[in-house]
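I have placed the structure first, in the form of structure tokens, so that the comments after it can refer back to it.
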Amino acid sequence: MKLEIQQLTKSYGSLLALNDINLTLTPGIYALLGSNGAGKSTLINLLTGNLKPNKGKILYNGKNINDLKKDYHAILGYMPQQQELYEQFNAYRFLNYMAALKGMDAKTAKMEIENVLKIVNLQDDAHRLLGQYSGGMKQRILIAQAIMNQPKIIILDEPTAGLDPKERIRIRNIISKIAREKIVLFATHVVSDIEHIAKEVILMKNGKLLDHRSPLEFCKTIQGKVFELSIQEEELKKVQGEFLISNISQQANGLLVRILANQKPLQYQYIEAVANLEDVYLYYFSDEMKD
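Counting from 72, one number per residue, gives the positions in the sequence shown under this note's numbering.
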């Protein structure tokens, strides 16, 4: 199974939202990272067929998704970012409605609804109105509708946005569970949610593809550029003016400041730190780190 993105370009008038994107996705979880305006939403709308490109194409197993039409949508599951739900529906009614939109027969729909409610742990709340659901429960019911009918491709747009840590962990575990033998694209701003589950990270900036590789490989690209400084509080302002800071924590005898720098900070007491994906995000999306 393969989803190929070839020379994908999309503009809105004079605004170039996507510029010559080339990617090949195979089963596994792909994290889509980028700041606002990076082109993530445009890419998602092209992958779901909601938009048409100005140039380029998307192929599923060698066939253009625009030619596959309904056959492509039948293997696609999509969770939008906004929680736009029918709040007077309960979970059963909502999922039955979504099953009808997916063209599922009544028998299949019943089995699928029971299955996805169990996966997202909402079987005991299925008769409650969606308007009574917490933010995390609403996110889980949106995941449930996305994974009904065993889609081969699942696109999740900010599935953990605005959630507390417990719900974020719950949803991250759900995504790991459903990702077997599926292509999962997970767009997020919460880097920690994907660091340990993503097969590959896709970095986008200003409509362009910056790079794509495994989280470990990304971390290796900035190893030797992440340091922890032991300083006194009165030195903090000076450090802030010199380096990109990723974290500040209190110590018994001062501050521990995590920085990114192209050169070793020899003027301070420091140790070289092991880079993580949060460091990678800061490094690639900060103009301060350009040599």
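Where is the CB? At the ideal position from N, CA and C, for every residue including glycine.
Beta-carbon gap between residue i and residue j smaller than 8 Å
i    : j    : result
N167 : I184 : yes
E158 : L96  : no
G325 : S357 : no
A102 : G148 : no
L274 : G105 : yes
G215 : V255 : Correcting the residue type first, residue 215 is Ala in the shown sequence and not Gly. Contact flag unset, no.
P253 : K223 : As written in the sequence, residue 253 is Lys, which differs from the Pro given in the question. Yes, Cβ-Cβ distance for K253 and K223 is below 8 Å.
M169 : M219 : yes
E343 : F314 : no
L156 : F165 : yes
L79  : H283 : no
A232 : L193 : no
Rounded Cβ spacing between residue i and residue j (contact assumed at less than 8 Å)
i    : j    : result
L348 : F289 : 7 Å
A258 : D228 : 5 Å
I293 : D235 : So it is not a contact: roughly 30 Å between Cβ atoms.
G278 : L87  : 6 Å
Residue i - DSSP class collapsed to helix/strand/coil
i    : result
N161 : strand
S357 : coil
V345 : coil
Y352 : helix
E185 : helix
V310 : helix
L122 : coil
R239 : helix
Of the residues the options, the one placed nearest residue i, counting alpha carbons only
i    : options                  : result
A323 : E304, A332 and G120      : E304
I20  : L79, I100 and R199       : Given a span of 72 to 362 for the chain in the structure shown, any question on residue 20 remains unanswerable.
L337 : K296, I242 and N135      : K296
P98  : A145, L280, Q294 and K73 : K73
Y143 : L117, G206 and P151      : L117
L287 : Y83, L280, E266 and K279 : E266
I146 : G174, Y339 and V345      : G174
Those residues which DSSP pairs with residue i across a bridge
i    : result
K128 : Q77
A232 : In the DSSP output, where bridge partners are listed per residue, A232 has none listed.
M219 : Its beta-bridge partners do not exist; DSSP assigns none.
P95  : Residue identity differs from the one stated: residue 95 is Thr in this sequence, not Pro. According to DSSP, T95 bridges with E75.
A258 : L103 and D228
F298 : I330 and E343
S320 : L327
I146 : Its beta-bridge partners do not exist; DSSP assigns none.
N135 : L130
M275 : L280
Contact test: residue i Cβ vs the ligand NAD heavy atom, cutoff 7 Å
i   : result
D91 : The model depicted lacks the ligand NAD and carries no ligand whatsoever.
Chain C contact for residue i (CB, 8 Å cutoff)
i    : result
I115 : Of the chains in the structure shown, none is chain C; there is only one protein chain.
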